[in-house]
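Peer 1:
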Amino acid sequence: MSSHTTVEIFGRRFELRATDSSERVEELARYVDRRMRELAEVSPHVDTSKLAVLTALNIADELFKEQETEPGTRAEQIRQRVEGLIARLDEVLTPS
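Using this note's numbering, read the sequence shown as starting at 326 and increasing by one per residue.
1) Could you confirm whether any beta carbon from chain C is found closer than 8 Å to the beta carbon of V332?
2) Taking 8 Å as the cut-off, decide whether the C-beta atoms of R337 and S327 are in contact.
3) Using the beta-carbon count (16 or more within 10 Å), is I411 buried or exposed?
4) Do T330 and V350 have their C-beta atoms within less than 8 Å of each other?
5) When burial is assigned at 16 or more other CB atoms within 10 Å of the CB, is R406 buried or exposed?
6) Please name the residue, chosen from E340, R413 and F335, that lies closest to R360 on a Cα-to-Cα basis.
7) Check this for me: beta carbons of V332 and A354, under 8 Å apart or not?
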């Protein structure tokens, strides 16, 4: 089921239809708005279209970095846990 909601991003209103809840869409819009405003502060002379593209690229970069670090981080956590379990097994199985 899709829902209709109106959001405001960087001073422009957008009528959207989405499968997520209106609250989720509004939360995402606030995030995009905040990121655009942050970028506009450091680049005040950039037009809105270019600002939107730069913001999209920055958000995509965040996503890619998160995807790149998550598997490695998770693998490291698993490796450490396995090493800990092996050490405990060695203690239990090694005759005294």
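Beta carbons are placed, not taken as given, at the ideal position from N, Cα and C, and that holds for glycine.
Peer 2: Short version:
1) No chain C is present in this structure, which holds just one protein chain.
2) Position 12 of the sequence shown holds residue 337. Position 2 of the sequence shown holds residue 327. No; because the gap between Cβ atoms is not below 8 Å, this pair is not in contact.
3) Within the sequence shown, numbered from 1, the residue matching residue 411 stands at position 86. Exposed, because fewer than 16 other Cβ atoms sit within 10 Å of the Cβ of I411.
4) Along the sequence shown, read from residue 1 onward, the residue named residue 330 stands at position 5. Along the sequence shown, read from residue 1 onward, the residue named residue 350 stands at position 25. Less than 8 Å divides the Cβ of T330 from the Cβ of V350.
5) The residue labelled residue 406 in the question sits at position 81 within the sequence shown. Flag for R406 reads exposed.
6) Locating residue 360 in the sequence shown gives position 35, where the first residue counts as 1. Across the set E340, R413 and F335, the C-alpha of F335 shows the shortest separation from the C-alpha of R360.
7) Residue numbering aside, residue 332 sits at position 7 when the sequence shown is read from its first letter. Residue numbering aside, residue 354 sits at position 29 when the sequence shown is read from its first letter. Taking 8 Å as the cut-off, the beta carbon of V332 is found closer than this to the beta carbon of A354.
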